[in-house]
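**Q** Protein chains in written order, with the working numbering: chain A, 301 to 615; chain B, 40 to 531. Each residue gets a CB set at the ideal place from its N, CA and C atoms; glycine is no exception. Can you read through this structure? Questions will come right after.
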Amino acid sequence: MKASRSIRALRPVQRQSFCLAHRPTPIQNQYQSLPPATPIRRSSTNSSSANSSSANSSSTNEPPKSTVDPSEVSHFNALASSWWDPVGPSRLLHLMNPLRHTFISRCRSASPSASSTPKLRYLDVGCGGGIFAESAARLPHTASVTAIDPTPEVFKIAEAHKRRDPALTVPGKLTYINTSIEDLPLPKTPEEGYDIVSLFEVLEHVNAPGPFLEHILPHVKPGGWLVLSTIARTWTSWMVTNVMAEDVLRIVPKGTHDWGKYVNEEELRSWFKGKDGWGEMRTQGVMYVPGLGWKEVGGSEGWGNYFFAVRRAEA
Amino acid sequence: MPPRIPLTAHRAVSTPAVRFQIRLRRSFASTSPNAPEIYDVVCVGGGPAGLSLLAGLKASPVTNGLKVALIEGQDLQKNRLRKDAGLDSFSNRCSSLTPASVKNLQEIGAWRHANASRIQPYQEMQVWDGVSDARISFDWDTARSLGPRKPIQPTTIAYMIENMNTVSALLGRLEELGGVDIFSSTKVDSIELGTDTQQLDLSSWPILSLSNGKSLAARLLVGADGANSPVRTFAGISSRGFDYSRHGVVATLKLSGPGWDGPDHKTAYQRFLPSGPIAMLPMPGNFATLVWSTTPERAAKLKSLSPTDFVAMVNAGFRLSPTDLKYLHTLPSGQEEEIAWREKHTTVNERSLPVRVTDVQAGSAASFPLRMRHADTYTGERVALVGDAAHTIHPLAGQGLNQGQGDAAALVRTISHAVRTGQDIGSTLALESYNSERYAENNAMLGVCDKLHRLYSVESGPIVGLRSLGLRAVDALGPLKGFFMNRAAGGV
Numbered sequence: 301m302k303a304s305r306s307i308r309a310l311r312p313v314q315r316q317s318f319c320l321a322h323r324p325t326p327i328q329n330q331y332q333s334l335p336p337a338t339p340i341r342r343s344s345t346n347s348s349s350a351n352s353s354s355a356n357s358s359s360t361n362e363p364p365k366s367t368v369d370p371s372e373v374s375h376f377n378a379l380a381s382s383w384w385d386p387v388g389p390s391r392l393l394h395l396m397n398p399l400r401h402t403f404i405s406r407c408r409s410a411s412p413s414a415s416s417t418p419k420l421r422y423l424d425v426g427c428g429g430g431i432f433a434e435s436a437a438r439l440p441h442t443a444s445v446t447a448i449d450p451t452p453e454v455f456k457i458a459e460a461h462k463r464r465d466p467a468l469t470v471p472g473k474l475t476y477i478n479t480s481i482e483d484l485p486l487p488k489t490p491e492e493g494y495d496i497v498s499l500f501e502v503l504e505h506v507n508a509p510g511p512f513l514e515h516i517l518p519h520v521k522p523g524g525w526l527v528l529s530t531i532a533r534t535w536t537s538w539m540v541t542n543v544m545a546e547d548v549l550r551i552v553p554k555g556t557h558d559w560g561k562y563v564n565e566e567e568l569r570s571w572f573k574g575k576d577g578w579g580e581m582r583t584q585g586v587m588y589v590p591g592l593g594w595k596e597v598g599g600s601e602g603w604g605n606y607f608f609a610v611r612r613a614e615a
Numbered sequence: 040m041p042p043r044i045p046l047t048a049h050r051a052v053s054t055p056a057v058r059f060q061i062r063l064r065r066s067f068a069s070t071s072p073n074a075p076e077i078y079d080v081v082c083v084g085g086g087p088a089g090l091s092l093l094a095g096l097k098a099s100p101v102t103n104g105l106k107v108a109l110i111e112g113q114d115l116q117k118n119r120l121r122k123d124a125g126l127d128s129f130s131n132r133c134s135s136l137t138p139a140s141v142k143n144l145q146e147i148g149a150w151r152h153a154n155a156s157r158i159q160p161y162q163e164m165q166v167w168d169g170v171s172d173a174r175i176s177f178d179w180d181t182a183r184s185l186g187p188r189k190p191i192q193p194t195t196i197a198y199m200i201e202n203m204n205t206v207s208a209l210l211g212r213l214e215e216l217g218g219v220d221i222f223s224s225t226k227v228d229s230i231e232l233g234t235d236t237q238q239l240d241l242s243s244w245p246i247l248s249l250s251n252g253k254s255l256a257a258r259l260l261v262g263a264d265g266a267n268s269p270v271r272t273f274a275g276i277s278s279r280g281f282d283y284s285r286h287g288v289v290a291t292l293k294l295s296g297p298g299w300d301g302p303d304h305k306t307a308y309q310r311f312l313p314s315g316p317i318a319m320l321p322m323p324g325n326f327a328t329l330v331w332s333t334t335p336e337r338a339a340k341l342k343s344l345s346p347t348d349f350v351a352m353v354n355a356g357f358r359l360s361p362t363d364l365k366y367l368h369t370l371p372s373g374q375e376e377e378i379a380w381r382e383k384h385t386t387v388n389e390r391s392l393p394v395r396v397t398d399v400q401a402g403s404a405a406s407f408p409l410r411m412r413h414a415d416t417y418t419g420e421r422v423a424l425v426g427d428a429a430h431t432i433h434p435l436a437g438q439g440l441n442q443g444q445g446d447a448a449a450l451v452r453t454i455s456h457a458v459r460t461g462q463d464i465g466s467t468l469a470l471e472s473y474n475s476e477r478y479a480e481n482n483a484m485l486g487v488c489d490k491l492h493r494l495y496s497v498e499s500g501p502i503v504g505l506r507s508l509g510l511r512a513v514d515a516l517g518p519l520k521g522f523f524m525n526r527a528a529g530g531v
């Protein structure tokens, strides 16, 4: 939570998916940017480049460790379409998605909001290819979903995939905006905020979670929830995402994960405790068990992947 | 270089490349100028499995908002039981519904629409080896679990019901629920993948062109369209198996009485003969239904016999030796006399056999070829298979219709979970749990029935001794028997 590390809470470094940190492999998400023609860069250990904005933080200023091969372009394009491949690199994300809804329903039913409209409005920050945004838009009690991601490539993927489902092309149902949270207009009044603001698998790529969250908070309407998922910064997650994935199994390039950026659940709690107007908090640890899928594991928020939700106090 | 996550290697398995090459007949039908009407679920086939699926979807508050259609080539009303149907005649197409299937039909609200007077529960099952006479009897009293029998435990092994009655019950329930667009007496002319227009990309959606000129786009296309499933062909899913070179002879039989233990305790009988099992299953009153698996030649012979000779052959099938039966099938006619003479020289314990057949219902003797088939998978992108489209089983354990009901219930659960979590119900990801739940279970059942068939085809040698030993051992072991009965009852 070192706000001093970056004015913009954006991480320019490409990261890879593996078990605990499972953003789809080839496609940069909201807080990493990499044009498709650029080979994935080995992230440098020094994070000074983190100061650059998402728009210009591509690795072009990096020493060309890998030669740019024209076949990389097509290769990358081919992989880009794999965001929605059920057995592709984002499989773990797809499998996790139903649990997100279970967690949100549980949060909402635990403390029903008096001011909440019967149909919910969602804002999905860092929507990527739209796995969560699409599913939220299909729920019967959803009024609308606004989903943002600053990366043009994933925005295109999300838009293209949306056209495959007539239920989503209903005007106003699901709106993708190619923007960062900073550039998203703030609601005119708090009541015009969203019932649910989601931030799934994004926080661990952010250099300064505090300032980043500050940008998001005004979009949550009083009585609404900010819901996120991320990974705890513990020796287990270091072991799995850094040592196993990168050094032992080598399915993720060395240096992909910046374990130092992982955020612990108690850090989030203490941060929100100091926030006026933010009350109830809920946590659920989840674990991927090969052969069984994602399972809720009580207490695992202390050492692995977890969901976290915090509710904005009613006006 | 982006890392190549090994998971991508599996892609080839789940994406049938042949899909795009397979086109059903008459592709011109898809050039209809009208945009297809969009449905969440289109079910092809109005048999027990498809109807159960639709009733299950409409009966649940989670899924009843889905827009669903049913397409059936035949006239659905023709398949219905007549309201004034008397108890003096029964259809020859009956099934033994397990308590699990009945429970599901109750849960979806269809069971109370069935004509109860035409359903016959049975409490006992007698199975024996036609070569060695080794016997096993199944009833819940001897099949104890390791403790005393609890009063709430069931006494019914299964329920004999005409397929028509099951179908009528499901149709009755669907009418009550409403909300299903039913296209009866309507054929599917073609199934093709949709196109990508500026507004909408339906390139992964099956588009069905119907004989009535309509065109439907299916988020999820369900193949409940039988063993030669056109939906399965469209999806490029192979179905493997073989013909048993056996036919099942069915008939509605009239007996000399309701059975040895009266109308309240009925027994199903099955005798394993080397040519295949002969089974007599109780129906209400003095009726029973016959399922005799035998060679195609013998099946043809049986069907050609006069009613009196046919009746005598059925009685002989439960009483005389395989050698006698073999000879009797070679006679052009006169089986009745020949059997009467041979029975005098065969000692049997009549109490252990079904009561005698006195008549066969006119026109009820029929036969159909037996096959075993199992689709490679039950799901593809925007496709799911249920019932015979997914698997065809040897009828000796009476599991075919029950498997279809189990498929339908499982697919309802899968769709329901997908709806609750906002998944696209046609995506392979959402359908995964259906395939993994049902495939293994059906495969095990198919395997067991197939092995039993092979085991009892042997006429002599050590196998006969071993299988008899096995049957007697299971009979003596209450808990083991209970395990088998639970499996047969659908795990209730």
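Within the continuous alpha helix (DSSP H) that includes A:R569, where are the two ends?
**A** E565 to K573
**Q** Going by CA-CA distance only, name the one from B:S403, B:W167, B:L136 and B:S472 that's closest to B:P313.
**A** With respect to the C-alpha of B:P313, the residue from B:S403, B:W167, B:L136 and B:S472 having the closest C-alpha is B:W167.
**Q** If A:K462 sits next to A:G430, beta carbons under 8 angstroms apart, how far is it from one beta carbon to the other, in whole angstroms?
**A** 6 angstroms
**Q** Here's a check: name, in chain order, each residue in its chain whose Cβ is nearer than 6 angstroms to the Cβ of A:E601, leaving out the five neighbours to either side.
**A** E565, T583 and G585
**Q** Which same chain residues, not among the five before or five after B:K122, have their C-beta less than 8 angstroms away from its C-beta?
**A** none
**Q** With a 10 Å radius around its C-beta and 16 neighbouring C-beta atoms as the bar for buried, classify A:R612 as buried or exposed.
**A** buried
**Q** Given a threshold of 16 other Cβ atoms within 10 Å of its Cβ, counted over all protein chains shown, does A:N605 qualify as buried or as exposed?
**A** buried
**Q** Could you tell me whether the Cβ atoms of B:T453 and B:S466 are closer together than 8 angstroms?
**A** no
**Q** With H, G and I counted as helix, E and B as strand and the rest as coil, what does DSSP make of A:E501?
**A** For A:E501, the three-state secondary structure derived from DSSP is coil.
**Q** Roughly how many whole angstroms lie between the Cα atoms of A:G388 and B:T460?
**A** 21 angstroms
**Q** Would you list the one or two residues that DSSP bridges to B:Q159?
**A** B:M199
**Q** Taking any Cβ of chain B, which residues in the stretch 462–478 of chain A have a Cβ under 7 angstroms from it, in chain order?
**A** R463, R464, D465, P466 and T469
**Q** Buried or exposed, going by whether 16 or more other CB atoms sit within 10 Å of the CB of A:W383?
**A** buried
**Q** Measuring straight from C-alpha to C-alpha, what distance separates B:H286 and B:G169?
**A** C-alpha of B:H286 to C-alpha of B:G169: approximately 18 angstroms in a straight line.
**Q** Within 10 angstroms of its Cβ, does B:N251 collect 16 or more other Cβ (buried), or is it exposed?
**A** exposed
**Q** Could you have a look at B:G356 and say whether DSSP puts it in helix, strand or coil?
**A** helix
**Q** Quick test of your reading: B:T431 and B:G275, contact by CB under 8 angstroms. State the CB separation rounded to the nearest angstrom.
**A** Their Cβ separation, rounded to whole angstroms, is 19 angstroms, which puts B:T431 and B:G275 out of contact at 8 angstroms.
**Q** Measuring alpha carbon to alpha carbon, tell me which of A:G599, A:P522 and A:Y588 ends up nearest A:L399.
**A** A:Y588
**Q** Looking at the structure shown, is A:W594 part of a helix, part of a strand, or coil, going by DSSP?
**A** The three-state reading of DSSP puts A:W594 in strand, counting E and B together.
**Q** Based on Cα-Cα distance, which residue from A:K456, A:V497 and A:G577 lies nearest to A:S444?
**A** A:V497
**Q** Which residue from B:D300, B:D220, B:S403 and B:G443 puts its Cα closest to that of B:S391?
**A** B:D300
**Q** Here's the rule: buried if 16 or more other CB atoms are within 10 angstroms of the residue's CB, otherwise exposed. What is B:F407?
**A** exposed
**Q** Taking its Cβ as the centre, do 16 or more other Cβ atoms sit within 10 Å of A:G472, making it buried, or is it exposed?
**A** exposed
**Q** Threshold first: 4 residues or longer. Then list the alpha helix (DSSP H) segments lying entirely within the stretch 263–324 of chain B, N to C.
**A** 269–274
**Q** Among B:L259, B:N154, B:K383 and B:T272, which residue has its Cα nearest to the Cα of B:E420?
**A** B:L259
**Q** According to DSSP, simplified to helix, strand and coil, what is A:C407?
**A** It is helical.
**Q** Taking only beta carbons into account, state which residues of the stretch 394–412 of chain A come closer than 9 angstroms to chain B, listed in chain order.
**A** Residues H394, L395, N397, P398, L399, R400, H401, T402 and S405.
**Q** Ignoring anything shorter than 3 residues, give me the beta strand (DSSP E) runs that lie fully in the stretch 385–445 of chain B, in order along the chain.
**A** 396–399, 405–414 and 422–424
**Q** Measuring CA to CA, which of B:R174, B:T328, B:G315 and B:Q444 is closest to B:V141?
**A** B:Q444
**Q** What residues of chain A sit near B:D240, judged by a beta carbon separation below 8 angstroms?
**A** A460, R463 and R464
**Q** DSSP puts B:L247 in a beta bridge; with which residues?
**A** B:I230 and B:L255
**Q** Taking Cβ-Cβ distances below 9 angstroms as the criterion, which residues of the stretch 76–90 of chain B are in contact with chain A?
**A** I77 and D79
**Q** Taking CB distances under 8 angstroms as the criterion, tell me whether B:T460 reaches chain A.
**A** yes
**Q** Is A:R400 helix, strand or coil by DSSP?
**A** helix
**Q** Can you find a heavy atom of the ligand NAP that lies under 7 angstroms from the Cβ of B:G262?
**A** For the ligand NAP, the structure offers nothing, since it holds no ligand at all.
**Q** Find out if the Cβ-Cβ distance for the pair B:L216, B:L115 is shorter than 8 angstroms.
**A** no
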